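Engineer: Below is a structure I'd like to ask you about.
Protein chains in written order, with our numbering: chain A, 709 to 809; chain B, 740 to 1060.
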């Protein structure tokens, strides 16, 4: 059994590609026209060789990719000073990597 | 059954027997006028209160949830309202009968142990969507509202996300507007309620918006409030049958995020929310056919945000079946 964690777009019809088993994670805006205007992260179906816009080969690669566009993201949680807590790229990358089989 | 007049579309010719049958079975469109607001307040509230959408005035106590919950994303059938409960990841579904003031009872469990989900329904199926997690949840699951039981997998959202609250539906289609990942999103997805499968892209909101709340007539979906880079009062609409982007439609009386919304297919109602830094008890409304500036309706029995909404006459129920 093997799948891949990849970056991908929706199809031109706006549907989830058939090679994606579990996706839609952490969209990054691109310059394409809608509905292909977001690059998303997802796990392919078992046995697929599809790499979409590129494979993310390990949790570190996912974190590095997230770092390129999520540095300003915050969660709804508030810290002790009442400020929003920063998005944790490492925790998130590890969570996505659990979808690798 | 042939189409007969809807509360938001009274044109056409119909058979008196069909009207009679609809009345006898409790499906006539004027039946559903009650809206419930449930839970909220960081999961500490078990309050359920209600309004009659066709009037104005303050909400009245209805009963209690089985436990405090951040119930964002409830939905209703003609007779029952449903809410996910739990202040932390939880899969418990509570149910109430709109017609009877009473406490909620356990209905079953949804698939995902999560919260901050979306919710939409027609007269038979209720759908929960997305939710909070690391990463956020893409799952849509559904329940058959007439039969107590657990959720069944429906498919996936195109974008995994949370904080999209009440969502619009027609009798055949549910849409999922906005949300957060945690960055706010402009995505609008849709599914055909009767047919399980993954969601498909519908169009875009005018701006990325999370923590919004939506409702509908049978033809028009409307979203209000939310969080862009700050709280917002904006109202937008989509035409549910036609894919496309949302359009600006008006403003709530106060900018806020995480309210609940519902409708009687003519009037859309928004209650509660957070105006930053305070949770509020505001209820306001506007006409779904015309939009514009919302009008004060009254107050909830308690201030709260991240509450759930369920209405007995929304657009998903307005199909004559």
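Built from N, CA and C at the ideal position, the CB exists for glycine as well. This structure is a prediction, so every number in the text was calculated from the model and none was measured.
Quick one: which chain B residues come within Cβ less than 7 Å of residue 732 of chain A?
Structural biologist: 877, 895, 896, 897, 898 and 899
Engineer: Quick check on residue 866 of chain B: buried or exposed, where buried means 16 or more other Cβ atoms within 10 Å of its Cβ?
Structural biologist: buried
Engineer: Taking residue 786 of chain B as the reference, give the member of B:793, B:772 and B:822 with the closest Cα.
Structural biologist: B:822
Engineer: Taking C-alpha atoms, which residue in B:830, B:790 and B:838 lies nearest to residue 856 of chain B?
Structural biologist: B:830
Engineer: Under 9 Å, Cβ to Cβ, is there at least one residue of chain B near residue 752 of chain A?
Structural biologist: no
Engineer: In three-state terms, what does DSSP make of residue 1060 of chain B?
Structural biologist: For residue 1060 of chain B, the predicted model reports a pLDDT of 39, less than 50, meaning its position is unreliable; a value from the coordinates is still stated below. Residue state, collapsed to three classes: coil.
Engineer: For residue 975 of chain B, write down the residues that DSSP places opposite it in a beta bridge.
Structural biologist: B:962 and B:987
Engineer: Mind listing the chain B neighbours of residue 782 of chain A? Cutoff is C-beta to C-beta under 7 Å, in chain order.
Structural biologist: 921
Engineer: Rounded to the nearest angstrom, how far is the Cβ of residue 752 of chain A from that of residue 729 of chain A, given a contact under 8 Å?
Structural biologist: 6 Å
Engineer: Please return the same chain residues whose Cβ sits closer than 8 Å to the Cβ of residue 894 of chain B, not counting the five positions on each side in sequence.
Structural biologist: 879, 930, 935, 936, 937 and 938
Engineer: Check the C-beta distance from residue 993 of chain B over to residue 1015 of chain B and give it rounded, since I have them as a contact under 8 Å.
Structural biologist: Their Cβ separation, rounded to whole angstroms, is 11 Å, which puts residue 993 of chain B and residue 1015 of chain B out of contact at 8 Å.
Engineer: Could you pull out every unbroken alpha helix (DSSP H) segment of at least 4 residues lying fully inside the stretch 752-786 of chain A, listed in chain order?
Structural biologist: Taking 4 residues as the shortest admissible run, the stretch 752-786 of chain A contains the following complete alpha helix (DSSP H) segments, listed from N- to C-terminal end: 767-775.
Engineer: Near residue 739 of chain A, what residues of its chain come up, given a Cβ to Cβ distance below 8 Å and the 5 sequence neighbours on each side ignored?
Structural biologist: 745
Engineer: Along chain A, in chain order, which residues have C-beta atoms closer than 8 Å to that of residue 924 of chain B?
Structural biologist: 735
Engineer: Comparing the C-beta of residue 1042 of chain B with each C-beta of chain A, is any distance below 9 Å?
Structural biologist: no
Engineer: Is there at least one Cβ from chain A nearer than 9 Å to residue 853 of chain B's Cβ?
Structural biologist: Cβ-Cβ to chain A under 9 Å: no for residue 853 of chain B.
Engineer: Do you know how far the Cα of residue 914 of chain B is from the Cα of residue 889 of chain B?
Structural biologist: 22 Å
Engineer: Name the chain B residues that come within less than 9 Å of residue 709 of chain A, Cβ to Cβ?
Structural biologist: Ordered by position in chain B, no residue passes the 9 Å Cβ test against residue 709 of chain A, which lies about 20 Å from the chain.
Engineer: When you compare only the Cα positions, how much space is there between residue 762 of chain A and residue 731 of chain A?
Structural biologist: 14 Å
Engineer: Since I believe residue 710 of chain A is in contact with residue 809 of chain A (beta carbons under 8 Å), could you give me their beta-carbon distance rounded to a whole number of angstroms?
Structural biologist: 7 Å
Engineer: What does DSSP give as the partner residues of residue 1015 of chain B in its beta bridges?
Structural biologist: Its beta-bridge partners do not exist; DSSP assigns none.
Engineer: Once the 5 residues before and after residue 853 of chain B are set aside, which same chain residues still bring their CB inside 7 Å of it?
Structural biologist: 828, 870, 871, 872 and 876
Engineer: Determine the chain A residues that contact residue 1013 of chain B at a beta-carbon separation under 7 Å, and present them in chain order.
Structural biologist: Neighbours of residue 1013 of chain B on chain A: none; closest Cβ ~10 Å, over 7 Å.
Engineer: Is there a Cβ of chain A sitting closer than 9 Å to that of residue 740 of chain B, yes or no?
Structural biologist: A caution first: residue 740 of chain B carries a pLDDT of 42, below 50, which makes its placement in the model unreliable, though a value can still be read off. Cβ-Cβ to chain A under 9 Å: no for residue 740 of chain B.
Engineer: Span of the beta strand (DSSP E) holding residue 804 of chain A?
Structural biologist: Run containing residue 804 of chain A: none in the beta strand (DSSP E); it sits in the alpha helix (DSSP H), 797-805.
Engineer: Roughly how many angstroms separate the alpha carbons of residue 806 of chain A and residue 791 of chain B, rounded to a whole number?
Structural biologist: Cα to Cα, the separation comes out at about 47 Å.
Engineer: In terms of alpha-carbon separation, which member of A:801, A:712 and A:720 lies closest to residue 727 of chain A?
Structural biologist: When only C-alpha atoms are compared, the closest one is A:712.
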